[in-house]
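Data first, discussion second: the structure below is written as structure tokens.
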Amino acid sequence: MLGPIAWRTPPLHYGPWELVTSLITEGLVERGIDVTLFATLDSITKAGLDGVAPTGYEESDELDGRVWEALHVGHALARSGEFDLVHNHLDWLPLAFSQLCRAPMVTTIHGFSGSNILPAYRRGRSAYVSISDSDRSPDLEYLGTVHHGIDLGGLPVRETAGDDLILFGRIHPDKGTDLAIEIARRAGRRLVMCGIVQDRAYFEELIEPRIDGDRVVHLGSVGPDQRGAILGSGLALLHPIRFAEPFGLSVVESMACGTPVVAYRKGSMPEVVDEGVTGHLVEDVDEAVAALEKVRRIDRAGCARRARERFSRDRMVENYLEIYRKIIS
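The opening position of the sequence shown corresponds to residue 1 in full-length UniProt numbering, with each subsequent residue numbered one higher.
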């Protein structure tokens, strides 16, 4: 399992790629499969652990991500002949050296940062898996789509709705943080925001002046021990994205807690949100405010049940085992 090294695996707070890598790894180990996880050396796993980076480069000013990712990939591929399969979660860099990989490679494409990285995918000696049908590139062939699964054990179901609106995700224009604040203001509800500040200028200009600790609250990056309690406490999760979201882990985590989602109809959201069952899809602020007026009609137990059926870790692991069998059979 060739994991990313921006953060520890599993992450202490933020790190969606590391989280998914961890969930797959631990699920495979539970099924008796011999797995070696290549990740940061402070990672926690029941698999074998190997790597070169002492910690995530986003967690240390002393580590240059470009250098340590290259060292990490080189170290893993040097051992590739020991394995039946290499599962790459580290984006394009391993693909640039995939001709040196001595085992079949499968790459989960967690999202494209831009069309400029496509040459590495076109030339890579790897099978590809998309995380949603909406995130597929017409320039590539895919072995399948596997929606992310989540750790249901850390997401207790809460059948009684709270009053607050929740926003979970990095603070960035793509995530529509400013739109969420406006939706909450117009709906007359408090907004609780959780997430790292990824765009500092955007935060300082448009977001920070509106955080008052009362109607708009920012809790920062929240770890797995708090996610379930916060997500379950809301009336709804807002997801007013400005980009084609490849998946959206916080969306399914919220639904698994019983808290429905009001999301913009972009990217994978029509695949992930079951209209009227786990949330509502909208086009703009006006529709989002209107959707909040009817969100209480959604049965929270039914919302949680549907999300848990569709997005469990075990379902994801079984889907990947089917992919692996196609490659090495």
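A virtual CB, placed ideally from N, CA and C, is assigned to each residue, including glycine.
Applying the criterion that 16 or more other CB atoms from any shown protein chain within 10 Å of the CB defines a buried residue, is residue i buried or exposed?
i	result
K46	exposed
P209	exposed
S126	buried
E205	exposed
D135	buried
R189	buried
E141	exposed
A291	buried
R308	buried
F213	Here residue 213 is Gly; the residue named in the question, Phe, does not match the sequence. With fewer than 16 Cβ atoms within 10 Å of its Cβ, G213 is classed as exposed.
E26	buried
G176	buried
E18	buried
S113	exposed
S115	exposed
Within this structure, are the beta carbons of residue i and residue j separated by less than 8 Å?
i	j	result
I166	L237	yes
G162	L235	yes
H172	Q198	yes
V216	I181	yes
I150	V252	yes
L37	G3	yes
S60	T9	no
G48	V35	yes
G232	P156	yes
Helix, strand or coil for residue i, going by three-state DSSP, please let me know.
i	result
G153	helix
G27	helix
F203	helix
T177	helix
H87	strand
G228	helix
L238	strand
Whose C-beta lies closer than 6 Å to the C-beta of residue i among residues of the same chain, with five residues either side of it excluded?
i	result
V20	H148
F243	D174
Y202	P173
G124	L95 and S98
F311	G149, I150 and V252
Give every residue of the same chain whose Cβ lies closer than 7 Å to the Cβ of residue i, excluding the five residues on either side of it in the sequence, and list them in chain order.
i	result
A53	I5, T40, L41, L63, W68 and H72
E159	G258, R300 and A301
Y320	I24 and V146
L100	L77
P11	E18 and L19
Closer than 8 Å by C-beta to residue i: which residues in its own chain qualify, once you throw out the five before and the five after it? Chain order, please.
i	result
V106	L85, V86, H87, N88, S126, A127, Y128, V129, L143, I323, Y324 and I327
R296	A161 and L235
S196	Checking the displayed sequence, the identity of residue 196 turns out to be Ile instead of Ser. H13, Y14, R170, I171, G220 and S221.
F97	V73, G74 and L77
M269	H239, I241, E245, G248, V251, A263 and L281
R306	M255, D274, V277 and T278
T55	R8, T40, L41, D42 and L63
Could you tell me whether any non-hydrogen atom of the ligand NAP is closer than 7 Å to the CB of residue i?
i	result
N116	You won't find the ligand NAP in this model; it holds no ligand whatsoever.
Could you tell me which residues DSSP puts in a beta bridge with residue i?
i	result
S137	Beta-bridge pairing links S137 to no other residue.
G279	V261 and E275
H218	M193
Should residue i be flagged as near chain B, meaning a C-beta pair shorter than 8 Å?
i	result
I183	The structure shown contains no chain B, having only a single protein chain.
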